[in-house]
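J.:
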Amino acid sequence: MSFARRKDWEWTAAMTAFAIMALLVLSGKCRAQAASEPLGQFITLDSPITDEAIGRVRRAALALQDEALREGRDGVLVLQITPGASQFHHVYALADFLTSPAVATLRTVAWIPESVRGDNVVVALACREIVQLPDSVLGHIGLGEAIPAEQRAIVLELVSRGGNRLVTKSLAEAMLDPQVELRQLTVVTDGVQEHRLATEQEAAQITASGATIPESRIIKERGVPGVFSGREARSGKFLTTRLADSRREVADLYGLSVESLREASPQATAERVSLIEIRGSIDTVAGSFLQRQIARAVEGGTELLIFEIHSPGGHLEEVHDLAVAIARLHENGVRTVAWVPEVATGESALLALGCDEIYVQPEARFGAVARRRDFRLDGSAESELNFIQDSLRELAELKHRPAAVLLAMADPKLEVFEARRRETGEVTFLSDSELELASQEWIRGPQVPEAGNGLLTVTGLRAQQLMIAEPPVESFEEVRQRLGLPDALRPQRIEQTWVDELIFVLNRPGVTGMLFALAMLGIYLELHFMTGALGLMSVTCLGLYFWSRFLGGTAGGLEIMLFLLGMGCVALELFVLPGFGLFGVVGGAMILASLVMASQTFGNIEVGRDLSEATATLKTISISIVSVILLAMVLNRFLPRIPF
18 MSFARRKDWE
28 WTAAMTAFAI
38 MALLVLSGKC
48 RAQAASEPLG
58 QFITLDSPIT
68 DEAIGRVRRA
78 ALALQDEALR
88 EGRDGVLVLQ
98 ITPGASQFHH
108 VYALADFLTS
118 PAVATLRTVA
128 WIPESVRGDN
138 VVVALACREI
148 VQLPDSVLGH
158 IGLGEAIPAE
168 QRAIVLELVS
178 RGGNRLVTKS
188 LAEAMLDPQV
198 ELRQLTVVTD
208 GVQEHRLATE
218 QEAAQITASG
228 ATIPESRIIK
238 ERGVPGVFSG
248 REARSGKFLT
258 TRLADSRREV
268 ADLYGLSVES
278 LREASPQATA
288 ERVSLIEIRG
298 SIDTVAGSFL
308 QRQIARAVEG
318 GTELLIFEIH
328 SPGGHLEEVH
338 DLAVAIARLH
348 ENGVRTVAWV
358 PEVATGESAL
368 LALGCDEIYV
378 QPEARFGAVA
388 RRRDFRLDGS
398 AESELNFIQD
408 SLRELAELKH
418 RPAAVLLAMA
428 DPKLEVFEAR
438 RRETGEVTFL
448 SDSELELASQ
458 EWIRGPQVPE
468 AGNGLLTVTG
478 LRAQQLMIAE
488 PPVESFEEVR
498 QRLGLPDALR
508 PQRIEQTWVD
518 ELIFVLNRPG
528 VTGMLFALAM
538 LGIYLELHFM
548 TGALGLMSVT
558 CLGLYFWSRF
568 LGGTAGGLEI
578 MLFLLGMGCV
588 ALELFVLPGF
598 GLFGVVGGAM
608 ILASLVMASQ
618 TFGNIEVGRD
628 LSEATATLKT
638 ISISIVSVIL
648 LAMVLNRFLP
658 RIPF
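The opening position of the sequence shown corresponds to residue 18 in my numbering, with each subsequent residue numbered one higher.
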């Protein structure tokens with residue numbers, strides 16, 4: 018071997034060894050980062066706090082602590098405390114658990130995104146740390162009423178063993194009793210300076226002990242409720258550990274993963290699990306029907322609502338309204354699950370994205386929200402795209418999914434990249450613009466191949482890898498197992514009632530035309546025979562039309578009032594001022610306008626939808642009018658002549 022070749026070989030070997038060592042060091046560092054990342058869990062405490070909520074927190078806290086101890090990691094339990102009133106014994110039971118040795122190694126955090134007053138404040142005081150929205154306020158435990166001495170003693174005892182150094186007995190006294198004056202002191206004892214909260218009596222005792230108080234500031238006057246905003250408390254270095262503007266920011270403050278933002282699932286019961294099937298295209302009538310089904314499930318006490326989706330899409334605004342309604346069901350204590358066995362593309366993907374959890378069959382297709390649209394046409398089409406993107410951002414924020422992945426379902430040119438947080442190693446997916454804005458925080462990774470060259474459409478496995486769905490499942494039975502439902506439990510299907518079926522039938526174009534024709538024919542025949550029965554038939558047909566449109570979501574009080582005014586004008590023309598003409602023309606126009614308005618919703622974001630639906634309605638009305646005229650011409654040979 019020549020000298021030059023030997024040197025090349027040695028150089029190559031050295032570089033290879035260096036690369037291997039670098040990879041080993043880097044992988045070890047990543048593993049160390051992953052191992053050091055805290056385990057976290059968010060739980061929303063809705064008001065009132067109940068035994069069930071206490072049990073849910075207890076189970077989640079103990080499970081989180083056990084897992085953290087096994088893996089040698091920190092455990093962080095974040096309780097989102099909401100406004101409202103709760104019974105004191107429930108509040109005490111939960112606060113007592115949070116301050117007990119049973120969760121001694123768990124870091125408990127109270128997240129206060131809204132102003133909280135009353136007994137629920139005690140739960141926040143029992144946590145080791147409190148995070149507030151800057152403008153939210155916390156305190157006024159008694160709500161202006163005298164607190165029994167035993168409850169007062171309980172709260173002070175909980176604070177003393179709560180572990181939050183920023184919450185003192187003096188602060189708790191000020192929250193319990195509006196007549197307590199609270200001061201913030203600068204105390205110097207033996208040359209050592211410290212800041213301390215004290216009541217008026219405690220300040221006098223400190224002075225009597227020989228300590229010097231060079232500075233004293235009243236932060237709550239006597240007779241004023243003890244409430245403190247996040248900004249005020251953080252500035253004064255009491256009560257509040259940190260400030261945050263969102264749930265995601267709270268997770269970032271404690272180095273928690275996006276997965277921790279998902280709520281711990283409540284235990285389902287047979288009476289509280291419901292299933293709604295979504296089939297076919299979703300128009301205004303179907304959307305209104307699904308809204309009624311959801312309302313029935315919630316009114317029936319459902320806590321777990323499963324949506325089985327077999328839909329290629331539908332009308333954008335109706336689907337968006339449904340998706341947002343589903344996304345906000347957690348405010349009613351309802352957990353939502355989407356099951357996609359075959360396809361959820363087009364607008365129907367929004368419905369799945371509005372659920373807390375999404376289960377997709379491995380080969381099912383999911384995504385492509387804007388698959389049937391060409392957004393290069395005009396400005397109105399661009400506004401439609403903006404509407405879709407705003408909807409996706411809203412759902413991403415509500416359900417804590419990567420917004421960039423969802424937006425790629427509507428934007429065929431949006432490039433999405435895997436990104437890793439520099440400090441913790443947390444992985445998410447961001448767009449190019451998001452990475453540029455947060456380049457100091459996130460490391461750019463490989464590009465998502467499905468994004469940037471068409472609307473993002475994925476299968477079940479890929480949906481889970483992109484953090485928008487749970488691990489794929491083969492069947493609904495597997496979904497039930499994942500949800501922890503017993504084998505004997507079958508979710509209660511929310512079926513169509515006879516009213517729902519009748520509404521669907523009456524909203525069909527052919528049936529609508531028949532109602533118009535029968536109504537006009539009944540009026541024509543009533544003017545010949547004056548029996549009253551034919552007039553009643555006409556009123557019934559028109560009543561069925563407006564009733565079906567009202568429950569179908571397209572008609573309201575305006576359309577009904579407009580129709581009645583139109584009929585009144587026509588009656589004036591026929592029986593009071595015959596031959597004048599004005600009332601007849603105006604009345605006919607009002608009747609026609611009311612029928613068209615009752616058949617559809619106007620102001621739709623979708624391009625051309627208003628015009629196409631109005632054209633279809635006018636076509637149906639025209640066919641009905643022509644049919645009645647032809648039939649009247651035939652019947653006129655046999656019916657008595659009318660005097661006009």
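We put the beta carbon where it would ideally sit given N, CA and C, even for glycine.
#1: Where does Ala170 sit, in a helix, a strand or coil, going by DSSP?
#2: Quick one: Cα of Ala250 to Cα of Val138, how far?
#3: Taking 7 Å as the line, does the beta carbon of Ile171 fall inside it for any heavy atom of the ligand NAP?
#4: Can you list, in chain order, the stretches of the beta strand (DSSP E) that have 3 or more residues and sit fully within the stretch 111-152?
#5: Which residue from His417, Leu424, Pro419, Glu69 puts its Cα closest to that of Phe404?
#6: Between which two residues does the alpha helix (DSSP H) holding Glu162 run?
#7: Taking Gln457 as part of the beta strand (DSSP E), name the residues at either end of that continuous run.
#8: Round the Cβ separation of Leu532 and Leu553 to the nearest angstrom and send it over; I've been treating them as touching at under 8 Å.
#9: Applying the criterion that 16 or more other CB atoms from any shown protein chain within 10 Å of the CB defines a buried residue, is Val197 buried or exposed?
#10: Quick check on Gly585: buried or exposed, where buried means 16 or more other Cβ atoms within 10 Å of its Cβ?
#11: If you follow the beta strand (DSSP E) that His337 is part of, which residue opens it and which one closes it?
#12: Check Lys254 in the structure and name its three-state DSSP category.
#13: Would you call the stretch 63-82 and the stretch 248-263 in contact, with 3 or more CB pairs under 8 Å?
#14: Relative to the alpha-carbon of Asp113, which residue among Arg124, Leu142, Gly89 has its alpha-carbon at the smallest distance?
#15: Quick one: grab the DSSP three-state call for Gly552.
#16: Which residues in the same chain as His212 place their Cβ atom closer than 8 Å to its Cβ, once the five residues preceding and following it in sequence are excluded?
#17: Given this structure, state the Cα-to-Cα distance separating Ser400 from Val496, to the nearest angstrom.
#18: May I ask you to verify whether the stretch 344-359 touches the stretch 322-335, counting CB pairs closer than 8 Å and requiring at least 3?
#19: Could you check what DSSP says for Leu447 in three-state terms: helix, strand or coil?
#20: With a cut-off of 8 Å on the beta carbons, I'd call Arg265 and Leu278 a contact; round off their distance for me.
#21: Report all residues from its chain with a CB closer than 6 Å to the CB of Leu292; omit the five preceding and five following residues, and keep chain order.
#22: From this set, Leu472, Arg439, Lys636, Lys430, which residue's C-alpha is nearest Gly527's C-alpha?
#23: Alpha carbon to alpha carbon, what distance is there between Ala78 and Thr116?
#24: In whole angstroms, give me the CA-to-CA distance for Gln104 and Thr474.
#25: Taking 8 Å as the limit between beta carbons, can you name the residues of its chain near Ser64, skipping five residues before and five after?
#26: DSSP three-state label for Ser277, please.
#27: Hey, is the stretch 432-439 in contact with the stretch 457-472, meaning 3+ C-beta pairs nearer than 8 Å?
#28: Hey, Ala121 and Leu96 are a contact pair by Cβ (cut 8 Å); roughly how many whole angstroms apart?
#29: Can you tell me where the beta strand (DSSP E) holding Pro231 begins and where it ends?
#30: Give the range of the alpha helix (DSSP H) segment to which Val587 is assigned.
T.: Short version:
#1: Position 153 of the sequence shown, counted from the first residue, corresponds to residue 170. Residue state, collapsed to three classes: helix.
#2: Working through the sequence shown from its first residue, we reach residue 250 at position 233. Working through the sequence shown from its first residue, we reach residue 138 at position 121. Straight through space, the alpha carbons of Val138 and Ala250 are spaced by roughly 15 Å.
#3: With respect to the ligand NAP, the structure offers nothing, as it holds no ligand at all.
#4: As far as the stretch 111-152 is concerned, its whole beta strand (DSSP E) runs of at least 3 residues are 123-129, 146-149.
#5: As a first step, residue 404 must be located in the sequence shown, where it is residue number 387. It is Leu424.
#6: Within the sequence shown, residue 162 is the residue found at index 145, counting from 1. Unbroken run through Glu162: none, as it is neither H nor E.
#7: Locating residue 457 in the sequence shown gives position 440, counting from the first residue. That residue, Gln457, is in no beta strand (DSSP E); it is neither H nor E in DSSP.
#8: For this step, residue 532 is matched to residue 515 along the sequence shown. For this step, residue 553 is matched to residue 536 along the sequence shown. With a beta-carbon spacing of about 14 Å, Leu532 and Leu553 fall beyond the 8 Å limit used to define contacts.
#9: By one-based count along the sequence shown, residue 197 stands at place 180. Result: buried.
#10: As a first step, residue 585 must be located in the sequence shown, where it is residue number 568. Exposed is the label assigned to Gly585, since fewer than 16 other Cβ atoms lie within 10 Å of its Cβ.
#11: The residue labelled residue 337 in the question sits at position 320 within the sequence shown. Here His337 belongs to no beta strand (DSSP E); instead the alpha helix (DSSP H) covers 333-344.
#12: The residue labelled residue 254 in the question sits at position 237 within the sequence shown. Judged by DSSP in its simplified three-state form, Lys254 adopts coil rather than helix or strand.
#13: Touching, no, given that fewer than three Cβ pairs across the two stretches are closer than 8 Å.
#14: Looking up residue 113 in the sequence shown gives position 96. If we check each option's Cα against that of Asp113, Leu142 comes out closest.
#15: One-based indexing of the sequence shown puts residue 552 at position 535. DSSP places Gly552 within a helical segment (H, G or I) once states are collapsed to three.
#16: Along the sequence shown, one-based indexing puts residue 212 at 195. Close CB contacts of His212 within its chain, under the 8 Å cut and outside five residues either way in sequence, are with Gln201, Leu202, Thr203, Val204, Lys254 (chain order).
#17: Against the sequence shown, residue 400 aligns to sequence position 383. Against the sequence shown, residue 496 aligns to sequence position 479. About 38 Å.
#18: Judged by Cβ distances under 8 Å, the stretch 344-359 makes contact with the stretch 322-335, as three or more pairs qualify.
#19: For the purposes of this step, residue 447 is taken as the residue at position 430 of the sequence shown. In this structure, Leu447 counts as strand in the three-state DSSP scheme.
#20: Looking up residue 265 in the sequence shown gives position 248. Looking up residue 278 in the sequence shown gives position 261. Rounded, the Cβ-Cβ distance is 7 Å, consistent with contact.
#21: Taking the sequence shown and counting its residues from 1, the one referred to as residue 292 is at position 275. For Leu292, where only same-chain residues beyond five positions count, the Cβ hits under 6 Å are Ile323, Pro508, Arg510.
#22: Position 510 of the sequence shown, counted from the start, is the residue given in the question as residue 527. That would be Lys636, whose Cα lies nearest to the Cα of Gly527.
#23: Position 99 of the sequence shown, counted from the first residue, corresponds to residue 116. Position 61 of the sequence shown, counted from the first residue, corresponds to residue 78. So the two alpha carbons sit approximately 12 Å from each other.
#24: Position 87 of the sequence shown holds residue 104. Position 457 of the sequence shown holds residue 474. CA-CA distance, Gln104 to Thr474, rounds to 49 Å.
#25: Along the sequence shown, one-based indexing puts residue 64 at 47. Within the same chain, Thr99, Pro100, Gly101, Ala102, Ser103, Asn137 come within 8 Å of Ser64 by CB-CB distance, once the 5 residues on both sides are set aside.
#26: Start at 1 with the first residue of the sequence shown, and residue 277 comes out as number 260. Helix.
#27: Because the criterion of three Cβ pairs below 8 Å is met, the stretch 432-439 and the stretch 457-472 touch.
#28: Taking the first residue of the sequence shown as position 1, residue 121 is located at position 104. Taking the first residue of the sequence shown as position 1, residue 96 is located at position 79. Incorrect: roughly 17 Å between the Cβ atoms, too far for contact.
#29: Within the sequence shown, the letter at position 214 stands for residue 231. Per DSSP, Pro231 is one residue of the beta strand (DSSP E) stretching across 229-237.
#30: Counted from its first residue, the sequence shown places residue 587 at position 570. Per DSSP, the continuous alpha helix (DSSP H) segment holding Val587 begins and ends at 574-588.
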